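What follows is a short report on a single structure.
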Amino acid sequence: MERTLIKNLRENVGREVLIKGWVDVRRDHGKLIFIDLRDVSGKVQMVALPSHKEAHSSANTARPEWVLAVTGKVNQRPEKMVNKEEPNGTIELEITAIEVLNEAETPPLDVRGDGREINEEARLKYRYLDLRRPRLQKNIRIRSEFVDRVRQFLFSNGFTEIETPYFTSTTPEGSRDFVVPSRMYPGKFFALPQSPQQYKQLLMTAGFERYFQIARCFRDEDLRADRGFEHTQIDIEKSFVTREDIMRLDEEMITTVAEAMGYTVKQKPFPRVSYKEAMQKFGADKFDMRTEEEKKKGVLAFAWVIDFPFFEKDKEGKWTFTHNPFSMPAPEHLEWHLKGEHIEEIITQQYDLVCNGFETGGGSIRAHKPEILKATFKTMGYDDAKIERDFGHMLAAFRSGTPPHGGIAHGIERLIMILTGEKELREVQSFPQTSSGRTAVMDAPGELSKEQLKELGLKLEK
Numbered sequence: 004m005e006r007t008l009i010k011n012l013r014e015n016v017g018r019e020v021l022i023k024g025w026v027d028v029r030r031d032h033g034k035l036i037f038i039d040l041r042d043v044s045g046k047v048q049m050v051a052l053p054s055h056k057e058a059h060s061s062a063n064t065a066r067p068e069w070v071l072a073v074t075g076k077v078n079q080r081p082e083k084m085v086n087k088e089e090p091n092g093t094i095e096l097e098i099t100a101i102e103v104l105n106e107a108e109t110p111p112l113d114v115r116g117d118g119r120e121i122n123e124e125a126r127l128k129y130r131y132l133d134l135r136r137p138r139l140q141k142n143i144r145i146r147s148e149f150v151d152r153v154r155q156f157l158f159s160n161g162f163t164e165i166e167t168p169y170f171t172s173t174t175p176e177g178s179r180d181f182v183v184p185s186r187m188y189p190g191k192f193f194a195l196p197q198s199p200q201q202y203k204q205l206l207m208t209a210g211f212e213r214y215f216q217i218a219r220c221f222r223d224e225d226l227r228a229d230r231g232f233e234h235t236q237i238d239i240e241k242s243f244v245t246r247e248d249i250m251r252l253d254e255e256m257i258t259t260v261a262e263a264m265g266y267t268v269k270q271k272p273f274p275r276v277s278y279k280e281a282m283q284k285f286g287a288d289k290f291d292m293r294t295e296e297e298k299k300k301g302v303l304a305f306a307w308v309i310d311f312p313f314f315e316k317d318k319e320g321k322w323t324f325t326h327n328p329f330s331m332p333a334p335e336h337l338e339w340h341l342k343g344e345h346i347e348e349i350i351t352q353q354y355d356l357v358c359n360g361f362e363t364g365g366g367s368i369r370a371h372k373p374e375i376l377k378a379t380f381k382t383m384g385y386d387d388a389k390i391e392r393d394f395g396h397m398l399a400a401f402r403s404g405t406p407p408h409g410g411i412a413h414g415i416e417r418l419i420m421i422l423t424g425e426k427e428l429r430e431v432q433s434f435p436q437t438s439s440g441r442t443a444v445m446d447a448p449g450e451l452s453k454e455q456l457k458e459l460g461l462k463l464e465k
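The sequence shown runs contiguously to residue 465 in the numbering used here.
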């Protein structure tokens, strides 16, 4: 008999079906044994009657989280047992046969509840169990639907999905790189990408014009509730555009996807706030524009922050970029930028999208001529030799006819946190790091053997 998903049982009243799933709850009422079985699609109440002796015996031994294949007849529940608040609250399955597909030991944590009361270490050690709870199942599926709708929007607008490498070289993007030692080139290292920044610009040089990627990014930075070592972003780049073109496209994408998923957007088009105004009014460049009532209803209050300063002083008093060294200065400040004048007054064509108090994305119109990129690094104190060594490939590309281009990237985890009302990244990721920077389930980071260190040409200092 072919398996029936639990969500489709209501269409099969009066018929015999085969369902498969996990025991959620077992209740022994003497002669009657009730089992709630769940699968990927839902949950249903089943009843084992004494008249079906073998099935009744099997139901008597079954325990929570056992995996069962159950054959039975779909019946309407007695009127007094109807629960209209449950999707399958009007039916139950009369069990005629049970096959135990796998037994389960007593779970180390309860997967039926919300799970917030359980400490992080336990939840992530047994993440494969933690993910069984309905809240996390819902969150992961919302994430999947969101990404799928974004993909379809971009495909419908002529974008091509292109993967870029994980093994690359270090790049100045504001965070420390994760590095990977090379066995073939002892003493040399790859870096994992903080973002596909340089590659997507090179794809514009290559003439693809409209690129996107659901990109994994790695940053060795201090952890917090809304930031981890690795994240996924919607990475978008387009040629022959202005700042307004990118913001308009992105706003249409976010609005289309959010509303299709049933969310309410507070204001369209999104308000635009200058960086200076944001700091004066909110004291930060990310802010929440909702009323208390809108917060309760889960309204999405998006806003653009624009007109950022290009440069700021670091702790040592040297000039550094505020967002991205590959950005283009505002047209009226291009001459200052090229001459290295009025540095503190140069505005960049950078834009951030904020929502409900979080930064959810950021981008810019990019430098596409070698002299503009060189001027940025000159301001930051790089000499010609260092610029050529670190970015010679970009300068060479720009001399090959790179078109004007710009783009934006959105942190998927941040956006899903907002959509689901969660407060921490781990609640919308499958296997997140712990707050102490260790992996879920697997014990990493770990030590390398002496043989591995030798093969990589590495020595450890105590």
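Built from N, CA and C at the ideal position, the CB exists for glycine as well. Here the structure is a predicted model, which means the values were calculated and not measured.
Give the range of the beta strand (DSSP E) segment to which residue 213 is assigned.
In the sequence shown, residue 213 corresponds to position 210, counting from 1. It spans 213 to 221 - the beta strand (DSSP E) in which residue 213 sits, taken as one unbroken run.
State buried or exposed for residue 260, treating a residue as buried only when at least 16 other CB atoms are found within 10 Å of its CB.
In the sequence shown, the residue the question calls residue 260 occupies position 257. Buried, because 16 or more other Cβ atoms sit within 10 Å of the Cβ of residue 260.
For residue 4, which residues in the same chain have their Cβ closer than 6 Å to its Cβ, ignoring the five residues on either side in sequence?
Taking the first residue of the sequence shown as position 1, residue 4 is located at position 1. Result list for residue 4: 21, in chain order.
Return the bridge partner residues of residue 132 from the DSSP annotation.
For the purposes of this step, residue 132 is taken as residue 129 along the sequence shown, with counting starting at 1. DSSP output for residue 132 lists no bridge partner at all.
DSSP has residue 37 in a bridge; who is on the other side?
Walking along the sequence shown from the start, residue 37 turns up at place 34. Answer is 30 and 50, bridged to residue 37.
Can you grab the Cα-Cα spacing for the pair residue 36 / residue 77, in whole Å?
Taking the first residue of the sequence shown as 1, we reach residue 36 at position 33. Taking the first residue of the sequence shown as 1, we reach residue 77 at position 74. Their Cα atoms are separated by approximately 16 Å.
Check this for me: beta carbons of residue 288 and residue 304, under 9 Å apart or not?
Counting from 1 along the sequence shown, the entry for residue 288 is found at position 285. Counting from 1 along the sequence shown, the entry for residue 304 is found at position 301. It is not a contact, given that the beta carbons lie outside the stated cut-off.
With a CB to CB cut of under 6 Å and the five nearest residues on each side skipped, what residues in its chain are close to residue 180?
Your numbering for residue 180 matches position 177 in the sequence shown. Contacts found: 173 and 194.
Counting Cβ pairs, one atom from each stretch, are 3 or more of them under 8 Å apart for the stretch 404 to 422 and the stretch 106 to 115?
No: fewer than three Cβ pairs fall under 8 Å.
Where does residue 32 land, buried or exposed, given buried means 16+ other C-beta within 10 angstroms?
Here residue 32 is taken as the residue at index 29 of the sequence shown, counted from 1. So residue 32 ends up on the exposed side.
Pick out whichever of 387, 367, 432 and 424 has its Cα sitting closest to the Cα of residue 409.
For the purposes of this step, residue 409 is taken as the residue at position 406 of the sequence shown. Closest by alpha carbon: 367.
From what residue to what residue does the beta strand (DSSP E) around residue 353 run?
Here residue 353 refers to the residue found at position 350 of the sequence shown. Counting along the chain, the beta strand (DSSP E) containing residue 353 begins and ends at 350 to 358.
Per DSSP, what are the beta-bridge partners of residue 286 in this structure?
The count along the sequence shown starts at 1 and reaches residue 286 at position 283. Looking at the DSSP assignment, residue 286 forms no beta bridge with any residue, so it has no partner.
Keeping to the same chain, check which residues put their C-beta closer than 6 Å to that of residue 121; ignore five residues upstream and five downstream.
Along the sequence shown, read from residue 1 onward, the residue named residue 121 stands at position 118. Closer than 6 Å at Cβ, skipping near neighbours: 112.
Among 119, 131 and 269, which residue has its Cα nearest to the Cα of residue 445?
For this step, residue 445 is matched to residue 442 along the sequence shown. Comparing Cα positions, the closest option is 131.
What does DSSP give as the partner residue(s) for residue 275 in the beta ladder?
Counting from one through the sequence shown, the residue named residue 275 turns up at place 272. Bridge partners of residue 275: 307.
Could you check how far apart the C-beta atoms of residue 430 and residue 134 are, in whole angstroms? I think they sit under 8 Å.
Within the sequence shown, residue 430 is the residue found at index 427, counting from 1. Within the sequence shown, residue 134 is the residue found at index 131, counting from 1. No, residue 430 and residue 134 are not in contact; Cβ-Cβ is about 11 Å, not under 8 Å.
In chain order, what residues of the same chain lie with their CB nearer than 7 Å to the CB of residue 145, ignoring the 5 residues before and after it?
Along the sequence shown, one-based indexing puts residue 145 at 142. Cβ within range, chain order: 419, 422 and 423.
Would you report the Cα separation of residue 182 and residue 149, rounded to the nearest angstrom?
As a position in the sequence shown, residue 182 is number 179, starting the count at 1. As a position in the sequence shown, residue 149 is number 146, starting the count at 1. So the alpha carbons of these two residues sit roughly 31 Å apart.
Going by beta-carbon coordinates alone, are residue 206 and residue 397 separated by less than 9 Å?
Working through the sequence shown from its first residue, we reach residue 206 at position 203. Working through the sequence shown from its first residue, we reach residue 397 at position 394. No; because the gap between Cβ atoms is not below 9 Å, this pair is not in contact.
In angstroms with no decimal places, state the Cα-to-Cα distance between residue 278 and residue 178.
In the sequence shown, residue 278 corresponds to position 275, counting from 1. In the sequence shown, residue 178 corresponds to position 175, counting from 1. Taking the straight line from one Cα to the other gives about 22 Å.
Taking 8 Å as the cut-off, does the stretch 208 to 220 touch the stretch 230 to 239 (at least 3 CB pairs, one atom from each stretch)?
The stretch 230 to 239, when compared against the stretch 208 to 220, does touch it at the 8 Å Cβ threshold.
Specify whether the stretch 160 to 172 and the stretch 42 to 55 touch according to this definition: at least 3 beta carbon pairs, one from each stretch, less than 8 Å apart.
Output reads no: the stretch 42 to 55 does not touch the stretch 160 to 172.
Could you compute how far the alpha carbon of residue 66 sits from the alpha carbon of residue 60?
The residue given as residue 66 occupies position 63 in the sequence shown. The residue given as residue 60 occupies position 57 in the sequence shown. Going by the C-alpha atoms only, they are around 12 Å apart.
Quick check on the DSSP output: the beta strand (DSSP E) that includes residue 323 runs from which residue to which?
The residue labelled residue 323 in the question sits at position 320 within the sequence shown. From DSSP, the beta strand (DSSP E) with residue 323 extends over 322 to 324.
Could you tell me if the beta carbon of residue 155 falls within a distance shorter than 8 Å of some heavy atom in the ligand PLP?
The ligand PLP is absent from the structure shown, which contains no ligands of any kind.
Expressed to the nearest angstrom, what Euclidean distance is found between the alpha-carbon atoms of residue 452 and residue 196?
Residue 452 sits at position 449 when you count from the first residue of the sequence shown. Residue 196 sits at position 193 when you count from the first residue of the sequence shown. So the alpha carbons of these two residues sit roughly 26 Å apart.
Grouping DSSP H, G and I as helix and E and B as strand, with all else coil, what is residue 79?
Stepping through the sequence shown from its first residue, residue 79 is reached at position 76. Residue 79 falls in the strand class under three-state DSSP.
Tell me the DSSP secondary structure of residue 551 in three-state form.
Within the shown structure, residues of the chain are numbered from 4 to 465, placing residue 551 beyond reach of any answer.
Got a sec, what are the start and stop residues for the beta strand (DSSP E) residue 233 sits in?
In the sequence shown, residue 233 corresponds to position 230, counting from 1. 233 to 242 is the span of the beta strand (DSSP E), which, as asked, contains residue 233.
Enumerated in chain order, which unbroken segments of the beta strand (DSSP E) with a length of 3 residues or greater are wholly contained in the stretch 357 to 406?
Whole beta strand (DSSP E) segments, 3+ residues: 361 to 368.
Going along the chain, which residues of its own chain have a beta-carbon closer than 6 Å to the beta-carbon of residue 355, five neighbours each way excluded?
To locate residue 355, count along the sequence shown from 1; it is residue 352. Only 308, 362 and 365 meet the Cβ criterion.
Ignore the nearest five residues each way along the sequence and tell me which others in residue 425's own chain have a CB closer than 8 Å to its CB.
Within the sequence shown, numbered from 1, the residue matching residue 425 stands at position 422. Answer for residue 425: 142, 419 and 431, listed in chain order.
Output the distance between the C-alpha atoms of residue 210 and residue 402, rounded to the nearest integer angstrom.
For this step, residue 210 is matched to residue 207 along the sequence shown. For this step, residue 402 is matched to residue 399 along the sequence shown. For residue 210 and residue 402, the distance between alpha carbons rounds to 14 Å.
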